[in-house]
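J.:
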Amino acid sequence: MNTMETTYIMIKPDGVQRGLVGEIIGRFERKGLKLVALKSVVPSKETAETHYECHAARPFYPGLIKFVTSGPVVCMAWTGVDAIAVARTLIGATNGREAAPGTIRGDFGMDMGYNMIHGSDAAETAAFELNLWFPEGLMQWDNLMGAWVYE
Ligand code: DAT
Ligand code: MG
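Residue numbering for the sequence shown follows my numbering, starting at 341 and increasing by one per position.
#1: Would the region 355-366 count as touching the region 467-486 if we require 3 or more Cβ pairs under 8 Å?
#2: In terms of residue numbering, what span does the alpha helix (DSSP H) encompassing tryptophan 488 cover?
#3: Is the closest heavy atom of the ligand DAT to the C-beta of threonine 434 under 7 Å?
#4: For the alpha helix (DSSP H) containing leucine 404, list its first residue and its last residue.
#5: Spell out a yes or no on whether the region 406-426 and the region 379-388 are touching, meaning 3 or more CB-CB pairs, one atom from each, closer than 8 Å.
#6: List the endpoints of the continuous alpha helix (DSSP H) containing lysine 385.
#7: If you follow the alpha helix (DSSP H) that alanine 462 is part of, which residue opens it and which one closes it?
Structural data, given as structure tokens:
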């Protein structure tokens with residue numbers, strides 16, 4: 341722990357359709373994470389399948405691919421100390437009905453599949469996902485606010 345990390349965060353089509361983009365980005369921003377990449381795309385089938393390849397054998401996989409390619413998603417990379425775990429905490433449990441209040445899924449979600457947001461679950465998956473969605477690379481910049489986020 342206490343490692344500077346970058347995590348891949350993606351607002352899925354339901355989050356975009358429901359008008360939650362600003363609300364969700366604002367939570368990461370206010371938390372003190374640093375935005376190092378941001379774009380909106382309609383994912384190709386190929387990219388979606390690669391992103392979720394670890395779930396390829398699961399019964400929900402075809403529906404998941406159809407869902408995540410159904411419209412725009414918002415792709416982001418956020419940097420901070422232990423950013424991967426911090427983001428997972430902000431996001432909450434996979435099923436919105438079980439996610440804790442105060443989390444994104446707990447506050448806005450009622451479903452397992454339509455859970456609005458993806459966040460990397462480990463350092464290896466973060467590296468894989470960042471490379472997949474941002475082959476152009478990430479921004480390097482000094483966030484002056486960081487001086488007041490970490491003592
Ligand atoms: P998470 O997004 O919390 O990391 P995951 O990696 O286990 O969850 O699954 C990826 C996505 O697949 C998840 O956000 C929603 C969908 N999913 C997972 N389990 C499911 C299930 N049992 N039924 C339907 N969709 C499911
Ligand atoms: Mg996952």
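Quick reminder that beta carbons are idealized off the backbone N, C-alpha and C, glycines included.
Every value quoted in this text rests on a predicted model; they were computed, and no experiment measured them.
T.: According to the data block:
#1: no
#2: What you label residue 488 is simply residue 148 of the sequence shown in a count that begins at 1. Looking at the DSSP string, tryptophan 488 is not in any alpha helix (DSSP H), and its letter there is neither H nor E.
#3: Along the sequence shown, one-based indexing puts residue 434 at 94. Threonine 434 Cβ: within cutoff of the ligand DAT.
#4: Within the sequence shown, numbered from 1, the residue matching residue 404 stands at position 64. Unbroken alpha helix (DSSP H) run through leucine 404: 401-408.
#5: yes
#6: Position 45 of the sequence shown holds residue 385. Element bounds for lysine 385: 385-391.
#7: As a working note, residue 462 is residue 122 in the sequence shown. Neither: alanine 462 is in no alpha helix (DSSP H) and is coded neither H nor E.
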